[in-house]
Every structure is written in structure tokens, then in C-alpha cells.
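In the numbering used here, the protein residues as written are 2 to 247.
Using N, Cα and C, we set each Cβ at its ideal position, and we do this for glycine too.
All values derive from a computational prediction rather than experimental measurement.
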């Protein structure tokens, strides 16, 4: 499956790019969107090209990410890791990063701002752009769509930094994938289709990397109406549900 996040992701997509890889539900808005491996890979490539060609970033650079569980968050994270950029996910240390990605809610709440490149996500249904962009920020959706669907960048090394921890140390890609496999075992994820209540498991290691580490397809639920989970698991042909219903 590979010893870096981008090689792992490519292996998952490569089995059959037409199959659903991430299906997203938001019970607050009624949104359901299904992304095949090919579709998610296009978003990931656009994000990586935005980082490398648009912002001049790569290994050794760090991104502050202030985003909730969402299908667009998966594109941002996988794009960052594909470009070799280290992720500081919702950490105070993100104030000293080279680029920032934040939800509109986080921007309005006052996330740390420092780098010149700052991208805001409205997280609107169907990936619609923002009607009004906060001053000092660029709309991620509009910016990413200007870039190509294929990322030709250099392969990321297993010892490249993937996650910046609160103590300032780095977890490499290889270490992060080891942690992801451990979490998959702890959560009972072995492959197939897995339904994850991201309200209960909001950290990307659980809802994104753990399923990918064992080749699972993710049904991601946010603002979850717990009464809907059993029927959702049935309609999505889910083998395992990860959430408070366990």
C-alpha cells in the first residue's frame, strides 16, 4: 500500500478509480455527496498543484489547517501531503506556518494569521465558492479549480514530515501511517465500506487515514442524527460503523 500518504492514496484509487472512495453526509444541511477515487484524486491533484505551482511550497514547509471533518478537508490534507507539506492540524503552532487553510467559521472566530497565502473554505454543498471572501483570504474552491487534474510532482519520501505535533516535533509519513494502521485496528476497520460519525471521531487520523491504511471506503457523517445511522449503514452497504452507536 506504500509507506507515504500519497502512495497509499494512489494505491486505494488505483484499485478501481470509478468506485466510491468517500461519501459525505451532513445531517444539518441534508447534503450527500459521493466522490469516486478518480474525483477525489482530481481535487487532491488540483490542491497539490496550487501549493507547488501557485504558492511555491514543498517539503520543509508547513500548513496550518483549521478545518472540520469534510470531503473538502480530505482534498486539502491529501493535497498537502502529496506536495510534501507538513500539516499542523488545528494547533496553536499554526501561527508560524507558511500557508493556512481555514473554514469560514474559523476565520470569523479569529484563527492565527501570518503567511501571505491564506485560503478559506465555505464548505458549501456541491463545492460552491463563497459569495463573499473575507479580506486577506482567497477562496480555496476558486483557486484550486484553476489548476490541473494531474500532479506531476516529485515523490514524497517516507521520512518527510507529515504532521507537526503540539510539542514542535514531527511525525514522518511512515510514522503517521503506522499510527493510522494502529487506529484502524483499534476502531475495528478492516476494509470494505466503513461509516464514521466524525462528531465522535473528528481527528483526520481516525476518519481519513485509518480507513485508507486498510483500503476502506469511507462514509463520513457530520452533524449526525444518530437515529439515521442504522438505515444509512444499510443503504450504503457498510460493514462497520464507527461512532457512539457501537
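Own chain, CB closer than 8 angstroms to residue i, minus 5 neighbours either side, in chain order
i	result
residue 105	121, 122, 123, 124, 131, 135
residue 233	26, 196, 220, 222, 239
residue 37	18, 19, 20, 21, 22
residue 39	14, 18, 19
residue 168	none
Inter-residue Cα distance where the pair is residue i and residue j
i	j	result
residue 163	residue 193	26 angstroms
residue 196	residue 14	19 angstroms
residue 231	residue 61	44 angstroms
residue 176	residue 114	29 angstroms
residue 1	residue 144	In the structure as shown, the chain begins at 2 and stops at 247. Residue 1 is therefore absent and cannot be evaluated.
residue 229	residue 171	39 angstroms
residue 10	residue 213	7 angstroms
residue 148	residue 51	6 angstroms
residue 218	residue 33	15 angstroms
residue 56	residue 97	16 angstroms
Contacts around residue i, its chain only, beta-carbon distance under 6 angstroms, and the 5 residues preceding and following it disregarded
i	result
residue 90	66
residue 224	27, 28, 29
residue 42	14
residue 46	150, 151, 152
residue 160	173
Beta-carbon proximity of residue i to residue j, cut-off 8 angstroms
i	j	result
residue 35	residue 18	no
residue 84	residue 68	no
residue 99	residue 63	yes
residue 198	residue 245	yes
residue 128	residue 49	no
residue 138	residue 108	yes
residue 88	residue 78	yes
Range of the contiguous alpha helix (DSSP H) that encloses residue i
i	result
residue 141	141 to 146
Cutoff 7 angstroms; reference residue i; Cβ partners in own chain excluding five residues on either side
i	result
residue 140	121, 130, 131, 134
residue 211	181, 184, 185, 188, 190
Residue interval of the beta strand (DSSP E) (run including residue i)
i	result
residue 1	Residue 1 is absent from the structure shown; the chain starts at 2 and stops at 247.
residue 66	63 to 67
Quick one: any contact between the region 166 to 185 and the region 200 to 210, if contact means 3 or more CB pairs under 8 angstroms? yes
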